[in-house]
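Asks:
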Amino acid sequence: MGVLSVENLSYHIAQKEIIKNFSLNVKKGEIVTLFGPSGCGKSTFLRVISGLLKPNDGKIKICKKIAYMFQEHRLFESLNAYENIAIVMQKPDPNQIYSMLEELGISKQEASRYPKELSGGMRARVAFIRAIVVGADLMLLDEPFSGLDFAMREILINKLKSIAKNSGISVILVTHDAYEACKISNRIIFLSRYGMNIEKSLQITQENLDENMIKSLFDSEFKGRIYFD
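Per the UniProt record's numbering, the sequence shown runs over residues 1 to 229.
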């Protein structure tokens with residue numbers, strides 16, 4: 001059963017067409033990556049399906065509860081790291097929150113700091129945890145691993161894959177990083193700099209796909225969908 005159905009979605013600003021006749025279905029527990037250069041409409045698509053922007057045309061059917069991790073993290077500046085997570089939980093569990101923070105390298109002492117006192121990487125990790133604990137059916141993640149070192153990025157990628165597999169949470173991930181796209185996705189939707197207007201399909205097994213192939217497709221301006229079996 002799908003958690004998201006998008007049919008012939010279009011969105012434009014003035015005369016600039018950003019999304020044109022774009023369709024997408026996301027299944028339960030699936031991680032779908034929107035991969036492409038800056039300015040091709042990836043982040044705009046997340047804003048449209050979340051209801052922050054109104055489409056000019058098309059149909060959107062979405063599950064009742066979504067979580068959205070913005071590229072800018074959007075933490076509440078008046079709340080500390082712990083409170084930024086607890087505020088989205090129906091019944092905050094201090095032990096659970098501190099355990100998740102420590103798992104991602106944030107100590108109990110650091111959890112009492114406010115966003116302006118945290119590094120960019122720490123803010124990203126707090127926003128990531130907040131998106132997880134909402135209890136959503138669908139997570140929208142905009143460049144969630146940006147600014148993280150390789151080791152921490154691996155931890156978060158594995159955490160997200162585990163959650164999707166074990167909890168059945170679906171994910172739409174935005175990235176322009178070929179390694180991330182290969183590492184985490186069940187399916188990649190490859191976008192060119194000309195925007196979200198998919199015209200081709202291509203199926204490739206994960207075993208035969210690597211970072212260099214993704215980069216090659218990117219450089220050749222291929223527009224299409226890559227499915228991992």
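A virtual CB, placed ideally from N, CA and C, is assigned to each residue, including glycine.
Among N56, K61, F128, F70, which residue has its Cα nearest to the Cα of K42?
Replies: Relative to K42, the option among N56, K61, F128, F70 whose CA is nearest is F70.
Asks: When DSSP labels each residue in this structure, what does N186 get in the three-state scheme?
Replies: coil
Asks: Suppose you measure from the CA of F22 to the CA of I49; what does that come to, to the nearest Å?
Replies: Approximately 12 Å between the Cα atoms of the pair.
Asks: Would you identify the three-state DSSP class for I129, choosing helix, strand or coil?
Replies: helix
Asks: Please state if the CB of T44 and the CB of Y98 are separated by a distance shorter than 8 Å.
Replies: no
Asks: I need the straight-line Cα distance from V174 to N95, nearest angstrom please.
Replies: A direct Cα-Cα distance of roughly 31 Å separates V174 from N95.
Asks: Looking at the secondary structure, which residues open and close the alpha helix (DSSP H) in which A82 lies?
Replies: Checking the sequence shown, residue 82 turns out to be Tyr, not Ala. Residues 81 to 86.
Asks: List the residues that DSSP assigns as beta-bridge partners of G2.
Replies: K27
Asks: Using 8 Å as the Cβ pair cut-off and three pairs as the minimum, do the region 161 to 173 and the region 132 to 150 touch?
Replies: Per the Cβ contact rule, the region 161 to 173 is in contact with the region 132 to 150 (3 or more Cβ pairs under 8 Å).
Asks: Out of K59, K54, K65, which has the shortest C-alpha to C-alpha gap to V6?
Replies: K59
Asks: Given G121, which residues of its chain have a CB within under 8 Å of its CB, disregarding the five upstream and five downstream residues?
Replies: G147, L148, D149, M152
Asks: Judging by CA-CA distance, which residue of N56, Q90, Q109 is the nearest neighbour of Y82?
Replies: Of the candidates N56, Q90, Q109, the residue whose Cα lies closest to the Cα of Y82 is Q109.
Asks: Does DSSP put K116 in a helix, in a strand, or in coil?
Replies: helix
Asks: For I18, tell me which candidate among E180, H73, V126, N8 has the shortest Cα-Cα distance.
Replies: The shortest C-alpha separation from I18 is found at N8.
Asks: Taking 8 Å as the cut-off, does the region 113 to 128 touch the region 75 to 92 (at least 3 CB pairs, one atom from each stretch)?
Replies: yes
Asks: Near A124, what residues of its chain come up, given a Cβ to Cβ distance below 8 Å and the 5 sequence neighbours on each side ignored?
Replies: H73, P144, F145, S146, G147, L148
Asks: Closer than 6 Å by C-beta to K61: which residues in its own chain qualify, once you throw out the five before and the five after it? Chain order, please.
Replies: S5
Asks: Thinking C-alpha only, which one of I106, D93, I132, E102 is nearest M166?
Replies: Residue identity differs from the one stated: residue 166 is Asn in this sequence, not Met. If we check each option's Cα against that of N166, I132 comes out closest.
Asks: Ends of the beta strand (DSSP E) at S146?
Replies: Looking at the DSSP string, S146 is not in any beta strand (DSSP E), and its letter there is neither H nor E.
Asks: Restricting to Cα atoms, I'd like to know which of N158, I155, G2, M100 is closest to V26.
Replies: Considering only N158, I155, G2, M100, the residue with the shortest C-alpha distance to V26 is G2.
Asks: Which first and last residues belong to the alpha helix (DSSP H) in which S43 is found?
Replies: Note, S43: alpha helix (DSSP H), 42 to 50.
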